[in-house]
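Peer 1: Numbering-wise (our numbering), the sequence shown opens with residue 2 and increments by one. The beta-carbon is built from N, C-alpha and C at its ideal position, and this holds for glycine as well. Just so it is clear, the structure is predicted and the values come from calculations on it, not from any experiment.
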Amino acid sequence: MTKTGLLSSAALALVAGAASADMNFNRIASFPVTANFDGDAPKETSAEIIDATADGMTLVYTDSPAGVIGAIDITDPSNPRPLGTMAMDGEPTAVSIIGSTAFVGINTSESYTAPSGLVKAIDLTTMTEIARCDLGGQPDSTAKAPDGSFISVAIENERDEDLGDGRVPQMPAGDLVMIDVVEGSLDCDSLIRADLTGLAEIAGEDPEPEFVDINSLGETVVTLQENNHIAVVARDGSILSHFSAGGVDLEGIDATDERGALIFTERQPSRLREPDGIQWIDDTHFAIANEGDMDGGARGMTIFAKDGTEIFETGATLEHAIVQIGHYPDKRSDAKGVEPEGMEFGSFDGTPYVFVMAERASVVGVYDVTDPTAPVLAQLLPSGISPEGAVAIPSRGLLATANEYDGLEDGAARAHVMLYQYSEAPASYPHLTSAGADELIGWGALSGMVAGEGSTIYAVNDSFYSYQPTIYTIDTATTPARITSALPVTRKGRPAQKLDLEGITLDGEGGFWVASEGRTDRVTPHALYHIGADGEIEAEIGLPPELMAVERRFGFEGITKIGDTLWMAVQREWRDDPEHHVKLVSYNLETGDWGAVLYPKAAPAQGWVGLSEITAHGDHVYIVERDNQHGRAAVTKKVYRVPVAEMVPGKLGGDDIPTVSKELVRDLLPDLTATGGYVLDKVEGLAITQAGEIFISTDNDGVDDHSGETLFLSIGMAH
2 MTKTGLLSSA
12 ALALVAGAAS
22 ADMNFNRIAS
32 FPVTANFDGD
42 APKETSAEII
52 DATADGMTLV
62 YTDSPAGVIG
72 AIDITDPSNP
82 RPLGTMAMDG
92 EPTAVSIIGS
102 TAFVGINTSE
112 SYTAPSGLVK
122 AIDLTTMTEI
132 ARCDLGGQPD
142 STAKAPDGSF
152 ISVAIENERD
162 EDLGDGRVPQ
172 MPAGDLVMID
182 VVEGSLDCDS
192 LIRADLTGLA
202 EIAGEDPEPE
212 FVDINSLGET
222 VVTLQENNHI
232 AVVARDGSIL
242 SHFSAGGVDL
252 EGIDATDERG
262 ALIFTERQPS
272 RLREPDGIQW
282 IDDTHFAIAN
292 EGDMDGGARG
302 MTIFAKDGTE
312 IFETGATLEH
322 AIVQIGHYPD
332 KRSDAKGVEP
342 EGMEFGSFDG
352 TPYVFVMAER
362 ASVVGVYDVT
372 DPTAPVLAQL
382 LPSGISPEGA
392 VAIPSRGLLA
402 TANEYDGLED
412 GAARAHVMLY
422 QYSEAPASYP
432 HLTSAGADEL
442 IGWGALSGMV
452 AGEGSTIYAV
462 NDSFYSYQPT
472 IYTIDTATTP
482 ARITSALPVT
492 RKGRPAQKLD
502 LEGITLDGEG
512 GFWVASEGRT
522 DRVTPHALYH
532 IGADGEIEAE
542 IGLPPELMAV
552 ERRFGFEGIT
562 KIGDTLWMAV
572 QREWRDDPEH
582 HVKLVSYNLE
592 TGDWGAVLYP
602 KAAPAQGWVG
612 LSEITAHGDH
622 VYIVERDNQH
632 GRAAVTKKVY
642 RVPVAEMVPG
652 KLGGDDIPTV
662 SKELVRDLLP
672 DLTATGGYVL
682 DKVEGLAITQ
692 AGEIFISTDN
702 DGVDDHSGET
712 LFLSIGMAH
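1. From what residue to what residue does the beta strand (DSSP E) around P140 run?
2. Return the residue from the list V324, P383, A115, T699 that minimises the CA-CA distance to T676.
3. I123: which of I70, P489, P173, P147 sits nearest, CA to CA?
4. Looking only at its own chain, which residues have a Cβ that is under 8 Å from the Cβ of I282, when we skip the five neighbours before and after it?
5. Out of D463, K493, I458, T491, state which residue places its alpha-carbon closest to the alpha-carbon of L507.
6. Out of curiosity, what's the CA-to-CA distance linking T114 and D141?
7. Exposed or buried, what is P210 when buried is set at 16 or more other beta-carbons lying within 10 Å of its beta-carbon?
8. Which residue's Cα is closest to the Cα of P55: A132, I99, S429, P601?
9. Helix, strand or coil: how does DSSP classify P579 here?
10. For the beta strand (DSSP E) holding E252, just list the boundary residues, first then last.
11. Output the distance between the C-alpha atoms of A103 and E49, rounded to the nearest integer angstrom.
12. Could you give the DSSP three-state label for Q171: helix, strand or coil?
13. What are the boundary residues of the beta strand (DSSP E) that V324 is part of?
14. Taking its Cβ as the centre, do 16 or more other Cβ atoms sit within 10 Å of V16, making it buried, or is it exposed?
15. Tell me the rounded alpha-carbon separation between L164 and P330.
16. Please report the straight-line C-alpha distance between D190 and P376, rounded to a whole angstrom.
17. DSSP three-state call for N725: helix, strand or coil?
18. Using the Cα positions of L624 and E159, report the straight-line distance between them to the nearest angstrom.
19. Cutting at 6 Å between CB atoms, please list the residues of its own chain near L500, excluding the five before and the five after it.
20. Can you tell me where the alpha helix (DSSP H) with P546 in it begins and where it stops?
21. With contact counted as at least three CB pairs below 8 Å, one residue from each stretch, are the segment 649-662 and the segment 681-691 in contact?
22. Which residue's Cα is closest to the Cα of Y62: A95, D41, S79?
23. Counting along the chain, where does the beta strand (DSSP E) carrying D383 start and finish?
24. Whose C-alpha, out of L60, E92, P66, is nearest the C-alpha of D77?
25. Residues in the same chain with beta-carbon distance under 7 Å from S79, minus the five sequence neighbours each way, listed in chain order, please.
26. What are the residues that DSSP puts in a beta bridge with K121?
27. So the candidates are K44, H720, G678, S662; which of them puts its Cα closest to the Cα of P431?
28. Counting pairs of beta carbons, one from the segment 558-567 and one from the segment 610-627, are three or more of them closer than 8 Å?
29. Have a look at S65, G85, I51, N25 and flag the residue whose alpha-carbon is nearest the alpha-carbon of D39.
30. Which residue marks the beginning of the beta strand (DSSP E) containing G351, and which one marks its end?
31. Is the number of C-beta pairs between the segment 172-185 and the segment 213-232 that are closer than 8 Å three or more?
32. Quick one: give me the first and last residue of the beta strand (DSSP E) that D277 is part of.
33. In or out: G717 buried (at least 16 other Cβ within 10 Å) or exposed?
34. Let me confirm a value: G593 is counted as buried when at least 16 other C-beta atoms fall within 10 Å, else exposed. Which label applies?
35. Spatial neighbours of A20 within its chain, please: C-beta separation below 7 Å, excluding the five flanking residues on both sides.
36. Just the Cα atoms here: how many angstroms apart are P93 and A635?
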């Protein structure tokens, strides 16, 4: 762990902002890209770059894998409606809209060495092509002039990442194209090509233009990402200024490719920026998003004057703020960090904002740039998986993001477009943060929970962080709730290995009992562990032969204590269980006896249904029952309760294991869309405070193939 240093003031501002009723952006809707297809959707879809019509009523996004653009009716932004798709006869890479005409960059390249592409003008009122211009290369991004008089297109002619370790130079070189827009269509004869070779010190002969934007003076600023360079180009194609994007000293980062630990103690001096997204703030200043990759990656945002003067740099502060809300993508942290990539600018009610899309963290950083030399991180917005593009619609107080990742093959959510409203309301996200702690606390993949004294809840992380099993202390008295400390779980003073902590309960003596879900194929035991107040494992209890003889992978998913007995919920059926029944397993701490009752769970509509938490409170045991579905496919996300009086265990392996009854406490589906997103699949934690307030939490899978969102919600009082 590292001291937060400069981060603390920004982080605390985020905490305060979440509780205030100032102007904030809040997500109001999520639109799955699959909804735009009649019948079965393609196996891979995407929403990559997005723009809006002049009236702000229609969104258009590029769907590169499907080879289409898609349109969404946002007349009612809280209820976006599909308008269908249009085939582009190639790979659409970018879209800019002037009035009701969409200008779409399309890659038609046969190979990396023979790049080609075109730009089409699409009349969105009729969804017909009205013009096209050959670009002579592969387009990567487009931009429209504020007065609608022309468009700029970055011709990247991208490199083959499997050739020469993916480094530049790889010919042919890219350039910048500008084309006049006349009466809502393209004037191909006006095409101007700006030569960008010979500018950069890194592979100057092979510029790879990545992103463009145009100011009110008609000046196009373009990032040359692989070349660590930026150029400002006049309307006639002449170079007004160009300069290196430079580097930055990064402190307090995770720069090691180790799986399963959030450790922010490393540094990278003079880390070269890799400028990706770029946006003018005014006619003099612009901001860049610095992607992280092989040869560089400053992992933050920088603001320059157009003469090349650097006036602001986030350093690692954006990344630290993302760490604190549980969105840090540890699995890819060695090079890329949170991977800022896309960018948007908009002025809302007189306040200028820069929106930075952290692709791998699935977060949008919202910066107030009223003073470009001292931006303020105002909010962190939850997005879908891998936000790539965004469009601000200040006239309607809206922001939309396009999230490119399609998780069908990985069992994750598919591509989405998200909508946010700017209004006088408290920020609805995050629900949980470690901001304000004395040290930088990284967290994620929360599983089991248990209530302590007063407003305290304890939570554990699961095996995603296999080298860092941790017990977190959460204060629920603040909004958002705050992680105030992180207690490492240790063996002989070192982080314990071979644990998959899925449940936690108090031992009544200042320590804890935890349940670890086993994986025999990974030599991870199914076991119970007694942990002292200092985090040291004091005892390990393996499962008896009667259970191990019928073991399956999906084991203990919660633990609670009633008197001298520990009760554990088994997630899914083991080999001797009746269909749609699972065991609640008991272990008597005084006698060492094992037993079980059977719990009747729902039959799945699709996928599977299992248990993910068990918590005793008063005369009942509360159980989370969930399916493994997300979004519109989710059916079972429910809290039930079982009378304690029925928790009388039968003998393992016998025929007299009793079946308990259950009573529905709450259907969680409405709660899981409380922040305007799609339904997350993993409700993993449930804790009930001494006062009887029920809290639930979701597992964000360590942000791996996941939006990174953790919902930590009060769902009312236990009765």
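Peer 2: The relevant details are as follows:
1. Here residue 140 refers to the residue found at position 139 when the sequence shown is read from its first residue. Note, P140: beta strand (DSSP E), 140-145.
2. As a position in the sequence shown, residue 676 is number 675, starting the count at 1. When V324, P383, A115, T699 are compared, the shortest CA-CA separation from T676 is found for P383.
3. The count along the sequence shown starts at 1 and reaches residue 123 at position 122. I123 has its Cα closest to that of I70, out of I70, P489, P173, P147.
4. On the sequence shown, position 281 is the one that residue 282 refers to. Correct list, in chain order: A288, I304, F346, P353, V355, V370, P373.
5. Within the sequence shown, residue 507 is the residue found at index 506, counting from 1. When each option's Cα is compared against that of L507, the closest is I458.
6. Counted from its first residue, the sequence shown places residue 114 at position 113. Counted from its first residue, the sequence shown places residue 141 at position 140. Those two C-alpha atoms are separated by around 16 Å.
7. Translated into positions along the sequence shown, residue 210 becomes position 209. P210 is buried by the Cβ-count criterion.
8. Position 54 of the sequence shown, counted from the first residue, corresponds to residue 55. Pro is not the amino acid found at residue 55; the sequence shown has Ala there. If we check each option's Cα against that of A55, I99 comes out closest.
9. The count along the sequence shown starts at 1 and reaches residue 579 at position 578. Residue state, collapsed to three classes: coil.
10. Counting from 1 along the sequence shown, the entry for residue 252 is found at position 251. First-last of the beta strand (DSSP E) with E252: 248-254.
11. Here residue 103 refers to the residue found at position 102 when the sequence shown is read from its first residue. Here residue 49 refers to the residue found at position 48 when the sequence shown is read from its first residue. Here the alpha carbons of E49 and A103 stand approximately 15 Å from one another.
12. Counted from its first residue, the sequence shown places residue 171 at position 170. Q171: coil per DSSP, three-state reduction.
13. The residue labelled residue 324 in the question sits at position 323 within the sequence shown. Unbroken run through V324 is the alpha helix (DSSP H), 318-325; no beta strand (DSSP E).
14. Translated into positions along the sequence shown, residue 16 becomes position 15. The predicted position of V16 is uncertain, since its pLDDT is 43 and thus under 50; a value taken from the coordinates is nonetheless stated next. The residue is buried, with at least 16 neighbouring Cβ atoms inside 10 Å.
15. By 1-based counting over the sequence shown, the position of residue 164 is 163. By 1-based counting over the sequence shown, the position of residue 330 is 329. Straight-line Cα distance between these residues: approximately 27 Å.
16. Here residue 190 is taken as the residue at index 189 of the sequence shown, counted from 1. Here residue 376 is taken as the residue at index 375 of the sequence shown, counted from 1. The straight-line gap from Cα to Cα measures roughly 42 Å.
17. A question about residue 725 goes unanswered here, because the residues of the chain that appear run from 2 up to 720.
18. In the sequence shown, the residue the question calls residue 624 occupies position 623. In the sequence shown, the residue the question calls residue 159 occupies position 158. Residue 624 is actually Ile in this sequence, not Leu. Cα to Cα, I624 sits roughly 52 Å from E159.
19. Position 499 of the sequence shown, counted from the start, is the residue given in the question as residue 500. Here the set comprises P470, S517.
20. Within the sequence shown, numbered from 1, the residue matching residue 546 stands at position 545. Per DSSP, P546 belongs to the alpha helix (DSSP H) from 546-549.
21. No, because fewer than three Cβ pairs between the segment 649-662 and the segment 681-691 fall closer than 8 Å, the two stretches do not touch.
22. As a first step, residue 62 must be located in the sequence shown, where it is residue number 61. Measuring from the Cα of Y62, the nearest candidate turns out to be A95.
23. For the purposes of this step, residue 383 is taken as the residue at position 382 of the sequence shown. The sequence given here has Pro at residue 383, not Asp. Residues 377-383.
24. For the purposes of this step, residue 77 is taken as the residue at position 76 of the sequence shown. The shortest Cα separation from D77 among L60, E92, P66 belongs to L60.
25. For the purposes of this step, residue 79 is taken as the residue at position 78 of the sequence shown. Cβ within range, chain order: I29, A30.
26. In the sequence shown, residue 121 corresponds to position 120, counting from 1. Beta-bridge pairing links K121 to V105, R133.
27. The count along the sequence shown starts at 1 and reaches residue 431 at position 430. Selected option, being the one with the closest Cα: G678.
28. Contact between the segment 558-567 and the segment 610-627 is present: three or more C-beta pairs spanning the two stretches fall below 8 Å.
29. Counted from its first residue, the sequence shown places residue 39 at position 38. Looking at the Cα atoms, G85 is the closest of the given residues.
30. In the sequence shown, counting from the first residue as 1, residue 351 sits at position 350. G351 -> no beta strand (DSSP E), and no H or E assigned at all.
31. yes
32. As a first step, residue 277 must be located in the sequence shown, where it is residue number 276. That run of the beta strand (DSSP E) goes 276-281.
33. Here residue 717 refers to the residue found at position 716 of the sequence shown. Exposed, since its Cβ has fewer than 16 Cβ neighbours within 10 Å.
34. Position 592 of the sequence shown, counting from 1, holds the residue named residue 593. The residue in question, G593, is exposed, as its Cβ has fewer than 16 Cβ neighbours within 10 Å.
35. Taking the sequence shown and counting its residues from 1, the one referred to as residue 20 is at position 19. Its pLDDT being 44, under 50, A20 is placed unreliably by the model, and nothing is read from it.
36. To locate residue 93, count along the sequence shown from 1; it is residue 92. To locate residue 635, count along the sequence shown from 1; it is residue 634. If you draw a straight line from the Cα of P93 to the Cα of A635, it is about 32 Å long.
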